[in-house]
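Asker: After the structure tokens below, expect a handful of questions from me.
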Amino acid sequence: MSSVAREWREIPGRYNLEGSKCGCCGQVYFPRRDFCPKCRRDGIGKVSPYKIDRSGEIFSFSIVYESPECNSFLKPYAVALVKTGDGALVAGQLVDVDLEKISIGMPVRAVLRKLDADGASGVIHYGFKFAPAL
Amino acid sequence: MREVAVIGVGATKFGELWEKSFRSLGLEAGMKAMEDANLSGSEVDGLFIGNMSAGRFINQQHIDALIADYSGMATNHIPATRVEAGGASGGVAFRQGVMAVASGMHDVVLVGGAEKMTDLDDTSINHIMDSTADAEWEAGMGLTLASLHAMIARRLIHEGVATREEIASVAVNSHFHGELNPGAQFRKAVPIETVLRSGPVADPLGVFDCAPISDGAAAVVLCPLSEAKRYTDRYVKVSAVAQASDTLALFQRRDITRFGATAAAAERAYAAAGISASDISVAEVHDDYTVSGILALQDLGICARGEAGKAFLSGATRVGSGKVAVNTSGGLKARGYPIGAAGVAQIAEITEQLRGTADKRQVKDARYGLAQSVGGTGSAVTVSILEAV
Ligand SMILES: [Zn+2]
Numbered sequence: 092m093s094s095v096a097r098e099w100r101e102i103p104g105r106y107n108l109e110g111s112k113c114g115c116c117g118q119v120y121f122p123r124r125d126f127c128p129k130c131r132r133d134g135i136g137k138v139s140p141y142k143i144d145r146s147g148e149i150f151s152f153s154i155v156y157e158s159p160e161c162n163s164f165l166k167p168y169a170v171a172l173v174k175t176g177d178g179a180l181v182a183g184q185l186v187d188v189d190l191e192k193i194s195i196g197m198p199v200r201a202v203l204r205k206l207d208a209d210g211a212s213g214v215i216h217y218g219f220k221f222a223p224a225l
Numbered sequence: 048m049r050e051v052a053v054i055g056v057g058a059t060k061f062g063e064l065w066e067k068s069f070r071s072l073g074l075e076a077g078m079k080a081m082e083d084a085n086l087s088g089s090e091v092d093g094l095f096i097g098n099m100s101a102g103r104f105i106n107q108q109h110i111d112a113l114i115a116d117y118s119g120m121a122t123n124h125i126p127a128t129r130v131e132a133g134g135a136s137g138g139v140a141f142r143q144g145v146m147a148v149a150s151g152m153h154d155v156v157l158v159g160g161a162e163k164m165t166d167l168d169d170t171s172i173n174h175i176m177d178s179t180a181d182a183e184w185e186a187g188m189g190l191t192l193a194s195l196h197a198m199i200a201r202r203l204i205h206e207g208v209a210t211r212e213e214i215a216s217v218a219v220n221s222h223f224h225g226e227l228n229p230g231a232q233f234r235k236a237v238p239i240e241t242v243l244r245s246g247p248v249a250d251p252l253g254v255f256d257c258a259p260i261s262d263g264a265a266a267v268v269l270c271p272l273s274e275a276k277r278y279t280d281r282y283v284k285v286s287a288v289a290q291a292s293d294t295l296a297l298f299q300r301r302d303i304t305r306f307g308a309t310a311a312a313a314e315r316a317y318a319a320a321g322i323s324a325s326d327i328s329v330a331e332v333h334d335d336y337t338v339s340g341i342l343a344l345q346d347l348g349i350c351a352r353g354e355a356g357k358a359f360l361s362g363a364t365r366v367g368s369g370k371v372a373v374n375t376s377g378g379l380k381a382r383g384y385p386i387g388a389a390g391v392a393q394i395a396e397i398t399e400q401l402r403g404t405a406d407k408r409q410v411k412d413a414r415y416g417l418a419q420s421v422g423g424t425g426s427a428v429t430v431s432i433l434e435a436v
């Protein structure tokens, strides 16, 4: 799915949930953006790296039964949109969870896991997933 | 700017057409549209083609040249342009064609849409469709296009905007009309139980909540409205072609129970046509997933929030029921969803409706018809309005 360079480039976001914060208007973004769509040119040079809150709650979710080949070893698996503590919405998989017991509003936290294996090159991708918060 | 007319339409049958190649599909649809417009072919001076991913589906890029060549346009060195906007590729191609004629740059334009999908296996096809979402932060995190729509559906249910049954009834409506369309992939009405009990794809959505994988092509011919009578008595006026964008990723938006791009494009389209949603008699909406049909009617202003599901479930969206007839072609769900062809096929259906050639699907006395084409999770949307003359 992606090259080694592409994998390496996204490590701050995929491992550490590093996004951006605009120093002009205070808006938090994930993934990283170098340009604030709200402030446009006024925000240039004022957008800096910002690690978003690793905890949040489930905003919506789905159980995936038909998945791409690279994820077929997982299925069925759960995915969610998670609203983090600082208000950003983030998409990711849900792990360590009973598929029957997922609900909107459920508290979760980001954990580092294997995302998928690249079939052709054998590159294994790591990144965040969400697990129920204890 | 000049006013523009649709003077001819044509489409192949949609479905798993293993015996037909991409180029033969494109040629068939184009020739049907030319014949419908009474053109020899030498009148055409511009060609636009909606196509999402021939590069990945059939390993062929540069399909603008391919279609120009095999349709005979390359002989006259007619400019050909391929347009890609995910699921909205056909809708955006149509808009490009209308703009080309309206501006005076071109006089007779052929807009085609084509996709050849079934040469690949289903898993590979779905993976390609997922790339119309954010490939890095949605698809790359294990989310599928179906699961993104499933999360929209779950949120609609959670917020009390629509029930699971109402969402499922969007497919029932499309299949009801598909039975009446000889060109549809599925020509069989289905009861709601069939949709609700279909195998899971991305919970809560099942197989019958998802448009099928299809091969097919569609084409329409455009010219200035003032010139239309030179070619045919059966033409319709293009009253508006609006387009809007939104964030690529669904999670970048605060509210996922509406597509802001549909609402924006609709507002621009109604203003350009000088009408309101209540003037629309027939609409083709982008039901790539059942839930998308609910969003469409609400965001287009055809139904109030919370009312779209009721309209589908009660049958008020069916031809002959008096209100707005929705997806009389069978929609993406029953007519089929060869991606790049879908938005152009919608224009062909609305044209048939407004000129009174829709046969068993004919809506009576329709003056205005609307087509909505959507890419990804509402990241690109076109809303076109046609008017009977
Ligand atoms: Zn800002």
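Heads up: the protein sequence lines correspond to chains A and B, in order. Sequential numbering of the first sequence, starting at 92, is according to the numbering used here. Sequential numbering of the second sequence, starting at 48, is according to the numbering used here. Quick reminder that beta carbons are idealized off the backbone N, C-alpha and C, glycines included.
(1) For the alpha helix (DSSP H) containing residue 357/B, list its first residue and its last residue.
(2) Less than 7 Å separating the Cβ of residue 299/B from some heavy atom of ligand 1?
(3) Figure out for me which residue from 337/B, 317/B, 352/B, 100/B has the closest Cα to the Cα of residue 167/B.
(4) Do residue 261/B and residue 253/B have their beta-carbon atoms positioned less than 8 Å apart in this structure?
(5) How big is the Cα-Cα spacing for residue 190/A and residue 223/A?
(6) So, at 6 Å on beta carbons, what are the nonlocal neighbours of residue 162/A in its own chain, with the 5 sequence-adjacent residues on each side left out?
(7) Leaving out five residues on either side along the sequence, give the residues of the same chain with a beta carbon under 7 Å from the beta carbon of residue 195/B.
(8) Count the CB pairs spanning the stretch 281-290 of chain B and the stretch 388-402 of chain B that are closer than 8 Å, and state whether there are at least three.
(9) Indicate, with yes or no, if ligand 1 has a heavy atom lying under 7 Å from the CB of residue 129/A.
(10) CB residue 271/B to CB residue 49/B, shorter than 8 Å?
(11) Could you tell me the alpha carbon to alpha carbon distance between residue 432/B and residue 175/B, rounded to whole angstroms?
(12) Shorter than 7 Å, the distance from the beta carbon of residue 118/A to the closest heavy atom of ligand 1, or not?
(13) If you drop the 5 nearest sequence neighbours on each side, which residues of the same chain put their C-beta closer than 7 Å to that of residue 191/B?
(14) Buried or exposed: which applies to residue 136/A, given that a residue is buried once 16 or more other Cβ atoms fall within 10 Å of its Cβ?
(15) Taking residue 10/B as the query, report the chain A residues whose CB atoms sit under 7 Å from its CB, ordered along the chain.
(16) Return the chain-ordered list of same chain residues with a C-beta closer than 6 Å to the C-beta of residue 354/B, the five sequence neighbours on each side being excluded.
(17) Since residue 416/B sits in a beta bridge, which residues does DSSP pair it with?
(18) Residue 111/A: buried (16+ other C-beta within 10 angstroms of its C-beta) or exposed?
(19) Rank 70/B, 66/B, 64/B, 80/B by C-alpha distance to the C-alpha of residue 55/B and give the top, closest one.
(20) Hey, would you say the C-beta of residue 178/A is under 7 Å away from at least one heavy atom of ligand 1?
(21) With 16 other CB atoms within 10 Å as the buried threshold, where does residue 112/B fall?
(22) Can you check whether the CB of residue 178/A is closer than 8 Å to the CB of residue 138/A?
(23) Relative to the alpha-carbon of residue 387/B, which residue among 129/B, 402/B, 435/B, 295/B has its alpha-carbon at the smallest distance?
(24) Closer than 7 Å by C-beta to residue 167/A: which residues in its own chain qualify, once you throw out the five before and the five after it? Chain order, please.
(25) Can you grab the Cα-Cα spacing for the pair residue 86/B / residue 145/B, in whole Å?
(26) Taking C-beta to C-beta, are residue 106/A and residue 165/A nearer than 8 Å?
(27) If distances are taken between C-alpha atoms only, which option among 147/B, 411/B, 286/B, 264/B comes closest to residue 321/B?
(28) Along chain B, in chain order, which residues have C-beta atoms closer than 8 Å to that of residue 110/A?
(29) Spell out the partners DSSP gives residue 422/B in its beta bridges.
(30) Using a Cβ-Cβ cutoff of less than 8 Å, which residues in the same chain neighbour residue 302/B once the five nearest sequence positions on both sides are dropped?
(31) I'd like to know if residue 198/B contacts chain A, where contact means its C-beta is closer than 8 Å to some C-beta of that chain.
Answerer: Per the coordinate set shown:
(1) In the second sequence, the residue the question calls residue 357/B occupies position 310. Counting along the chain, the alpha helix (DSSP H) containing residue 357/B begins and ends at 355-361.
(2) Taking the first residue of the second sequence as 1, we reach residue 299/B at position 252. Checking every heavy atom of ligand 1 against the Cβ of residue 299/B, none is found closer than 7 Å.
(3) For the purposes of this step, residue 167/B is taken as the residue at position 120 of the second sequence. When each option's Cα is compared against that of residue 167/B, the closest is 100/B.
(4) Here residue 253/B refers to the residue found at position 206 when the second sequence is read from its first residue. Here residue 261/B refers to the residue found at position 214 when the second sequence is read from its first residue. Result no, Cβ atoms of residue 253/B and residue 261/B do not sit closer than 8 Å.
(5) As a position in the first sequence, residue 190/A is number 99, starting the count at 1. As a position in the first sequence, residue 223/A is number 132, starting the count at 1. Whole-angstrom Cα-Cα distance: 12 Å.
(6) As a position in the first sequence, residue 162/A is number 71, starting the count at 1. The beta carbon of residue 162/A lies closer than 6 Å to those of 207 in the same chain, with the five residues before and after it left out.
(7) Position 148 of the second sequence, counted from the first residue, corresponds to residue 195/B. 180, 185, 297, 424, listed in sequence order.
(8) Enough Cβ pairs lie closer than 8 Å, so yes.
(9) The residue you call residue 129/A lines up with position 38 of the first sequence. Flag set: Cβ of residue 129/A near ligand 1.
(10) Counting from one through the second sequence, the residue named residue 271/B turns up at place 224. Counting from one through the second sequence, the residue named residue 49/B turns up at place 2. Against a cut-off of 8 Å, the Cβ pair of residue 49/B and residue 271/B comes out as a contact.
(11) Along the second sequence, read from residue 1 onward, the residue named residue 432/B stands at position 385. Along the second sequence, read from residue 1 onward, the residue named residue 175/B stands at position 128. Between residue 432/B and residue 175/B, the C-alpha separation is close to 30 Å.
(12) For the purposes of this step, residue 118/A is taken as residue 27 along the first sequence, with counting starting at 1. At least one heavy atom of ligand 1 is nearer than 7 Å to the Cβ of residue 118/A, so yes.
(13) By 1-based counting over the second sequence, the position of residue 191/B is 144. The answer, listed in chain order, is 173, 177, 249.
(14) The residue you call residue 136/A lines up with position 45 of the first sequence. Classification of residue 136/A: exposed, given that the 10 Å Cβ count is below 16.
(15) With chain B covering only 48 through 436, there is no way to say anything about residue 10/B.
(16) Against the second sequence, residue 354/B aligns to sequence position 307. Close CB contacts of residue 354/B within its chain, under the 6 Å cut and outside five residues either way in sequence, are absent.
(17) Here residue 416/B refers to the residue found at position 369 of the second sequence. Answer by DSSP bridge pairing, in chain order: 329/B, 433/B.
(18) Position 20 of the first sequence, counted from the start, is the residue given in the question as residue 111/A. Burial check for residue 111/A: the Cβ neighbour count within 10 Å reaches 16 or more, so the residue is buried.
(19) Against the second sequence, residue 55/B aligns to sequence position 8. Taking only the C-alpha atoms, the option nearest residue 55/B is 80/B.
(20) For the purposes of this step, residue 178/A is taken as the residue at position 87 of the first sequence. Residue 178/A Cβ: outside cutoff for every heavy atom of ligand 1.
(21) Position 65 of the second sequence holds residue 112/B. The residue in question, residue 112/B, is exposed, as its Cβ has fewer than 16 Cβ neighbours within 10 Å.
(22) Taking the first residue of the first sequence as 1, we reach residue 138/A at position 47. Taking the first residue of the first sequence as 1, we reach residue 178/A at position 87. Contact: no.
(23) Translated into positions along the second sequence, residue 387/B becomes position 340. Taking only the C-alpha atoms, the option nearest residue 387/B is 129/B.
(24) What you label residue 167/A is simply residue 76 of the first sequence in a count that begins at 1. The residues 154, 155, 156, 190, in chain order, have a CB closer than 7 Å to that of residue 167/A in the same chain once the five nearest residues on each side in sequence are set aside.
(25) Taking the first residue of the second sequence as position 1, residue 86/B is located at position 39. Taking the first residue of the second sequence as position 1, residue 145/B is located at position 98. Residue 86/B and residue 145/B have their C-alpha atoms roughly 18 Å apart.
(26) Within the first sequence, the letter at position 15 stands for residue 106/A. Within the first sequence, the letter at position 74 stands for residue 165/A. Their beta carbons are not under 8 Å apart, which means residue 106/A does not touch residue 165/A by this criterion.
(27) In the second sequence, the residue the question calls residue 321/B occupies position 274. Shortest Cα-Cα distance from residue 321/B to any of 147/B, 411/B, 286/B, 264/B involves 286/B.
(28) For the purposes of this step, residue 110/A is identified with residue 19 of the first sequence, where counting begins at 1. Within chain B, no residue comes near residue 110/A; the closest Cβ sits about 10 Å away, beyond 8 Å.
(29) As a first step, residue 422/B must be located in the second sequence, where it is residue number 375. Beta-bridge partners assigned by DSSP to residue 422/B: 427/B.
(30) What you label residue 302/B is simply residue 255 of the second sequence in a count that begins at 1. Closer than 8 Å at the Cβ level, and outside the excluded window around residue 302/B, lies no residue.
(31) Taking the first residue of the second sequence as position 1, residue 198/B is located at position 151. Residue contact check for residue 198/B against chain A: a CB pair falls below 8 Å.
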